[in-house]
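Contents: one structure, followed by commentary.
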Amino acid sequence: MGEVAVIQYVTAPADMDWWRKDDSAPLITGGIGASGQVALTLHRKFIELKYPEDGLLPERLYELLITEWAALTGKTVSEVDPEF
């Protein structure tokens, strides 16, 4: 099939206390490189999503990022981003 997306994040201790101490909203940046690669980066706890082609919209990457963030913090997607 080929590569669909790459999701990278740091591993955490099992208790996740270090993650929960920082409950402010994540700083998210994104961009499209000259090659058409779309990348979104969650700063502070390092989560990065990359897609090797320009066919996947940034909105879809943002959805993946927010879903991953919610899973890691034990929150719902609407708690992470009420406007999503």
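For the sequence shown, my numbering puts the final residue at 1058, and the numbers step up evenly by one.
All residues carry an ideal CB built from backbone N, CA and C; glycine is no exception.
Subject >> Where I1021 falls, given that 16 or more other Cβ within 10 Å makes a residue buried >> reply: In this prediction, I1021 scores a pLDDT of 49, lower than 50, which makes its location untrustworthy; the coordinate-derived value is nonetheless stated afterwards. Under this definition I1021 is a buried residue.
Original post:
Which same chain residues, not among the five before or five after A1061, have their C-beta less than 8 Å away from its C-beta?
Top reply: Nothing about residue 1061 can be read from this structure; the chain reaches only from 975 to 1058.
**OP:** Report the rounded CA-to-CA distance for L1038 versus S1009, giving the unit in angstroms.
**Re:** 22 Å
Subject >> I1040 versus E1057 - alpha carbon distance >> reply: 12 Å
Subject >> alpha helix (DSSP H) segment containing E1053, residue limits >> reply: V1051 to V1054
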